[in-house]
Amino acid sequence: MRFTDKTVVITGGNRGIGFAMAERFANEGAKLIVASVEEQVHEAAETLRQAGAEAHGVICDVTNAEQVRELYATATERFGGVDISIQNAGIITIAKVEDLQEREWDATMAVNTKGVFLCCQEAIRRMRKQGRGGSLINTASGQARDGFIYTPHYAASKFGVVGLTQSLAKEVALDGITVNAICPGIIRTKMWDYNDRVWGKMLGDYGPGELMESWVQNIPMKRAGEGKDVAGLVAFLASEDAAYITGQTINVDGGLIMS
Ligand code: NDP
Numbered sequence: 000m001r002f003t004d005k006t007v008v009i010t011g012g013n014r015g016i017g018f019a020m021a022e023r024f025a026n027e028g029a030k031l032i033v034a035s036v037e038e039q040v041h042e043a044a045e046t047l048r049q050a051g052a053e054a055h056g057v058i059c060d061v062t063n064a065e066q067v068r069e070l071y072a073t074a075t076e077r078f079g080g081v082d083i084s085i086q087n088a089g090i091i092t093i094a095k096v097e098d099l100q101e102r103e104w105d106a107t108m109a110v111n112t113k114g115v116f117l118c119c120q121e122a123i124r125r126m127r128k129q130g131r132g133g134s135l136i137n138t139a140s141g142q143a144r145d146g147f148i149y150t151p152h153y154a155a156s157k158f159g160v161v162g163l164t165q166s167l168a169k170e171v172a173l174d175g176i177t178v179n180a181i182c183p184g185i186i187r188t189k190m191w192d193y194n195d196r197v198w199g200k201m202l203g204d205y206g207p208g209e210l211m212e213s214w215v216q217n218i219p220m221k222r223a224g225e226g227k228d229v230a231g232l233v234a235f236l237a238s239e240d241a242a243y244i245t246g247q248t249i250n251v252d253g254g255l256i257m258s
C-alpha cells in the first residue's frame with residue numbers, strides 16, 4: 000500500500016497499458032483520476048471503484064490545454080491535488096514515407112508530444128503550489144531509442160518525450176518533483192493489434208498475430224509484454240524507492256533494446 004493518500008492522474012487510463020497502471024495503483028491504495036477521449040473512461044473508473052478504489056473518470060483530450068487544466072482541477076476538487084501524474088495517452092499510424100499525410104504527422108505530435116507536455120505543465124503548476132513534491136512519468140516507446148520503419152512521425156514524437164522529460168526534470172528537481180520516461184517494447188494492447196495488422200501486411204504479408212510472434216523471437220525473454228509489466232516499473236518510479244531517480248528513460252521490453 001505504497002500510495003495510500005496519494006492521488007494519481009493517468010491519461011489514456013481507460014484501457015491498455017494505462018488501465019493496467021490504474022489497477023496497480025488502485026491495488027496499492029491510491030486515488031485515481033483516469034482520463035481519455037471516449038465515454039468508456041467512466042466504465043473504467045466504475046471497474047476500479049467496484050474493486051474498492053476511489054476513482055473518477057474524466058473525458059479529456061490531451062491536445063487541448065483547457066481540457067487538460069480542467070482534468071487537474073478535477074483532481075484537486077475531488078481528491079485534494081495531484082501527487083503522481085502519468086502521461087500515457089498515445090496514438091500511432093503506419094505509412095510509407097510518400098503516403099504519410101501531414102495531418103497524421105500533426106495529430107501524432109499533438110497527442111504524443113504536446114499532450115505529454117501540457118499535462119506535465121499543469122501537473123507541475125499544481126505540484127509546486129501544493130509544495131509536497133511529486134512524480135511525473137511519461138510514456139515514450141522503444142521507438143524513442145530506435146525508430147522503426149514506416150513510423151517516422153511516431154518515432155519523432157517519442158524521441159521528443161525523452162527530450163522534454165530531461166529538460167523538465169532539471170527545472171523541477173529542487174521542487175522535489177521527479178520526471179522520468181519509460182520505453183515499453185511490444186505490449187499486448189489494441190495498439191499492438193493495429194501494428195500487427197498494418198506492419199504485418201507491409202512487411203511481408205503476415206497473418207493476424209504472426210508479425211508479433213516473429214518479433215517476439217527477437218526478445219531475449221521470448222514473450223510479448225503485458226500491461227502489468229509496464230505498471231510494475233511505473234509504480235516503482237512513482238514510489239519513495241525512486242526518490243533519487245530523475246530525468247531517466249527506462250526500457251521495459253524483456254531486453255529487446257539494451258541501452
Ligand atoms: P491503446 O491504443 O490501447 O490506448 C491508447 C490510449 O490513449 C487510450 O486510452 C486512448 O483513449 C488514449 N488517447 C488517445 N488519444 C488521446 C487524446 N487525444 N487525449 C486523451 N487520451 C487519448 O494503447 P497502449 O495502451 O498500447 O499505449 C499506451 C501508451 O504506450 C501510448 O503512449 C503508446 O504510444 C505507448 N506504447 C505502447 C506500446 C505497445 O506495444 N502497446 C509500445 C510502446 C509504447 P480512448 O480509448 O478514449 O481513445
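Going by numbering that gives the first Met the number 0, the sequence shown opens with residue 0, and the numbers climb by one from there. We put the CB at the ideal spot given by N, CA and C, even for glycine. Being a predicted model, the structure only gives us computed values, none of them experimental.
First through last residue of the beta strand (DSSP E) which encompasses residue i
| i | result |
| --- | --- |
| Val57 | 53-58 |
| Ala88 | Where Ala88 is concerned, there is no enclosing beta strand (DSSP E), given that its DSSP letter is neither H nor E. |
| Thr248 | 248-251 |
| Gly133 | 133-138 |
| Thr269 | Residue 269 lies beyond the residue range present for the chain, which begins at 0 and ends at 258; the question has no answer from this structure. |
Beta-carbon proximity check, residue i vs residue j, cutoff 8 Å
| i | j | result |
| --- | --- | --- |
| Met190 | Gly17 | no |
| Ile50 | Val33 | Note on identity: in this sequence residue 50 is Ala, with Ile being the wrong assignment. Not closer than 8 Å, so no. |
| Met211 | Asp195 | yes |
| Ile123 | Val110 | no |
| Thr241 | Thr177 | Looking at the sequence provided, one finds Ala at residue 241 rather than Thr. Yes, these two residues count as a Cβ contact at 8 Å. |
| Ala279 | Cys182 | Nothing can be reported for residue 279, as the shown portion of the chain is limited to 0 through 258. |
| Arg125 | Thr75 | yes |
| Trp313 | Tyr149 | This structure gives no information on residue 313, because the portion of the chain shown stretches from 0 to 258. |
| Leu255 | Gly208 | no |
| Ala19 | Ala237 | no |
| Phe24 | Val7 | yes |
| Ser166 | Thr112 | no |
| Gly133 | Ile83 | yes |
| Gly224 | Ile186 | yes |
| Ala139 | Thr245 | no |
| Val61 | Ala94 | no |
| Asn63 | Ser35 | no |
| Thr188 | Gly141 | no |
| Val171 | Glu121 | no |
| Gly146 | Ala154 | yes |
Cutoff 6 Å; reference residue i; Cβ partners in own chain excluding five residues on either side
| i | result |
| --- | --- |
| Asn137 | Gln86, Val115, Val160, Thr164, Ala180 |
| Ala54 | Leu31, Ala44, Leu47, Arg48 |
| Ile218 | Gly253, Leu255 |
| Gly175 | Gly132 |
| Phe2 | Phe24, Glu27, Gly28, Ala29 |
| Tyr205 | Gly199 |
Delimiting residues of the alpha helix (DSSP H) encompassing residue i
| i | result |
| --- | --- |
| Leu117 | 114-129 |
| Thr16 | A small correction: the amino acid at residue 16 is Ile; Thr does not occupy that position in the sequence shown. It spans 15-26 - the alpha helix (DSSP H) in which Ile16 sits, taken as one unbroken run. |
| Gly206 | Element bounds for Gly206: n/a, residue is neither H nor E. |
| Lys169 | 151-171 |
| Val36 | Careful: Val36 lies outside any alpha helix (DSSP H) and carries neither H nor E. |
| Thr107 | 101-108 |
| Ala242 | Segment: none, Ala242 is in no alpha helix (DSSP H) and carries neither H nor E. |
| Ala234 | 226-237 |
| Thr6 | Note, Thr6: premise wrong, no alpha helix (DSSP H); beta strand (DSSP E) at 6-10. |
| Leu70 | 64-78 |
Nonlocal neighbours in the same chain, by C-beta distance under 8 Å from residue i, ignoring five residues either side
| i | result |
| --- | --- |
| His152 | Thr92, Leu99, Glu103, Trp104, Thr107, Met108 |
| Glu69 | Val57, Cys59 |
| Met257 | Asn250 |
| Glu37 | Asn13, Ile58 |
Below-8 Å beta-carbon distance, residue i vs any chain D residue
| i | result |
| --- | --- |
| Ile91 | Absent here is chain D; the protein component of the structure consists of one chain. |
Sequence-distant residues of its chain with Cβ nearer than 7 Å to residue i (five each side left out)
| i | result |
| --- | --- |
| Glu0 | Inspection of the sequence shows that residue 0 is occupied by Met rather than by Glu. Closer than 7 Å at the Cβ level, and outside the excluded window around Met0, lie Glu27, Gly28. |
| Met220 | Gly253, Gly254 |
| Gly11 | Gly17, Ser35, Asn87, Ala88, Gly89 |
| Leu232 | Ile181, Ile249, Val251 |
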